[in-house]
Every structure is written in structure tokens, then in C-alpha cells.
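Following the working numbering, the numbering of the sequence shown begins with 578 at its first residue and continues without gaps.
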Amino acid sequence: MQPPPRTRDPAIAIAGDGAARRGPPPMQPPGPPPVRHGPPPVRQQHGYYYEEEQRPLHLHVRTARSSSSALASCLVAAAFLALAVGGAGAALFVLFRPRPPDIAVAAVRLPAFASGPNGTVAFTFEQTAAVRNPNRAPLAHFDSSLRVAYAGGELGSVYIPAGLIDGGRTKDMSASFAVPAFAAATPPSLPQEQMAAAAAASAQQQQPAAAAAVMEVDSLLVVKGRVTVLRVLTHHVEAAKVCRVGVSPVDGKVLGFRC
578 MQPPPRTRDP AIAIAGDGAA RRGPPPMQPP GPPPVRHGPP PVRQQHGYYY
628 EEEQRPLHLH VRTARSSSSA LASCLVAAAF LALAVGGAGA ALFVLFRPRP
678 PDIAVAAVRL PAFASGPNGT VAFTFEQTAA VRNPNRAPLA HFDSSLRVAY
728 AGGELGSVYI PAGLIDGGRT KDMSASFAVP AFAAATPPSL PQEQMAAAAA
778 ASAQQQQPAA AAAVMEVDSL LVVKGRVTVL RVLTHHVEAA KVCRVGVSPV
828 DGKVLGFRC
């Protein structure tokens, strides 16, 4: 016997006919590519626990530490170098700093003296001084001068010839010049009684009465020069010494001086 023919399910046939009429399903837009995750970190077993390896992190920390230590070393070296340079500069300044010469007036003389009418006097002024060079380098002096003044007015001046003073040495400088006649201030006249008393007092002290009158003149010695420091730097130095000299208006004797 032959088996009965297979019949088609009506529901399936209807669904198939509808799908055939609708056509193929619509195409969907492509989505983002799938994210691929790397392999999980490898864990190393240390005893009873596992520790994840983080090699990139450890390398970054080591690089930062090494750079910071190098920067600190550079700063320390720079500070040490600055201190060394500053100390060397201070030592050189103390040892080789230019200093002005030292002047010590040794003697003041009036070799020639003459008094004229109306209280005028004229004399030759001479002064000797010891000039010391406190520097290590030689001192070349020039434009040095000696001036004499009386009662606020200048009587005359003279320039001292240029010369050289070795380091640490002392040189004697002497200058003299003629002072033209000028009117010296005379002391005020005293009554006869006071003049007699002054004469009696002078006689008791065995001194002339004219010694009571003193003419004071001022002298100014200026020494200028230059010092070469370390054979490269040239520095200008200058020193001055003012002295007041007491002179007798009668015979021109120097009674004393102070500077």
C-alpha cells in the first residue's frame, strides 16, 4: 500500500506567502566595532598572595625619581660654585682693593721771611711729608699740589712733580714756594696799663712780649694717583692732609703745627 500524500499546513503556507510578498528583511546600519580587551594582567604568586605586575607604572616612578635627584644635584653644585666664586672675589677684594696713600707731615719751615710796612709780610714756605703706599701694586702719583692759605684766602700753591711709589714703600715729598707779600692781621692795641702788665708778665717768663702774637696759616697737601689692580683694573686714589701752622709775625719762626 502506498502512504497517503502529505498535506501542507495551512498556517505555514499563509506565513510563507506573506513573507514572500513582503520581500527580504531591511538592512541594519553597521554598529561600532567590538572592543577588544587585552589579556588580563599576569599575577605572580608570592607565598600566599598574588601581586599584579605593573611594569609601566614602576618605570614611570623610577624616571621621575631619577630626574628629581639629578635636579637637586645640579642645584647643590650651582650653590657650591656660587659660594666658591663669591669667597674668591671677597678674598681678592680684601687683598688687592685699592687704598689711598697715607700722608704724615714731617716738618714745616720758613727759610726766608720779611716784614714790610703797614704790617705786610712775605716768606718762603717749605713743607716735607712722608707718603706711604699701602697697596701691593705701585702707586703712580701725579697732579699733586701744596697750597697755603691765610684768613680764608689762598696765598699761593705749587705742583709736585709726578713719580712712582712701590707697593708698601714710603717716599718723602718736599715742596717749597715763595709767598708774595700780604697784609697780616695785627693784634688790637691795648691800653698802656695792660701793655705794661703784659710786658711784666713776659719779663717774668723770660719771653719777649711780641711772642704773644701768632700768625696762623693753613697748608693743604693733596696727593693724587692711580693704582693698577691685578694688572688689569686701574683705580684712581686721592688723599689730602690739612695742617695749621703757627708763625711768629716778627721773625717768621715756626712755633708749631697740627694736622
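For every residue, glycine included, the Cβ atom is placed at its ideal position computed from N, Cα and C.
Quick caveat: nothing in here was measured; it's all calculated off a predicted structure.
Selection V799, P757 and S825 evaluated against K818 yields V799 as nearest (Cα-Cα). Here the region 797-815 lies against the region 713-723, with 3 or more beta-carbon pairs under 8 Å apart. Sixteen is the threshold: since fewer than 16 other Cβ atoms of the shown chains lie within 10 Å of the Cβ of F657, the residue is exposed. Per the DSSP secondary-structure output, A816 pairs in a beta bridge with V800.
Going by beta carbons, L732 and G829 fall outside the 8 Å limit.
Between the alpha carbons of P678 and T747 lies a gap of roughly 9 Å.
Taking 8 Å as the upper bound for CB-CB distance, A758 and T697 are in contact here, some 5 Å apart. For A656, the secondary structure class from DSSP, reduced to helix, strand or coil, is helix.
Here DSSP, grouped into helix, strand and coil, assigns G693 to coil. DSSP places A665 within a helical segment (H, G or I) once states are collapsed to three. Distance from the Cα of A739 is smallest, within the candidate group V827, V725 and S751, for S751.
When R808, K801 and C820 are compared, the shortest CA-CA separation from E793 is found for C820.
The beta carbons of A762 and A728 sit closer together than 8 Å. In this structure, V806 and P675 form a Cβ contact; the two beta carbons are roughly 6 Å apart against a cut-off of 8 Å. Within the same chain, Cβ atoms closer than 7 Å to the Cβ of N712 are found at P675, R676, G744 and V804, the five residues on either side in sequence being excluded. Within the region 706-752, the runs of beta strand (DSSP E) that reach at least 3 residues and sit entirely inside it are, in chain order, 716-718, 721-727, 730-737 and 740-742.
When A689, G823 and A681 are compared, the shortest CA-CA separation from A790 is found for G823. Taking C-beta separations shorter than 7 Å and ignoring five residues to either side along the sequence, the partners of S753 in its chain run T701, F702 and E703, following chain order. Around the beta carbon of G730, a 10 Å sphere encloses fewer than 16 other beta carbons of the protein chains shown; the residue is thus reported as exposed.
Closest in alpha carbon position to L723, among S825, L797, A707 and S650, is L797. It is roughly 21 Å from the alpha-carbon of A667 to the alpha-carbon of V653.
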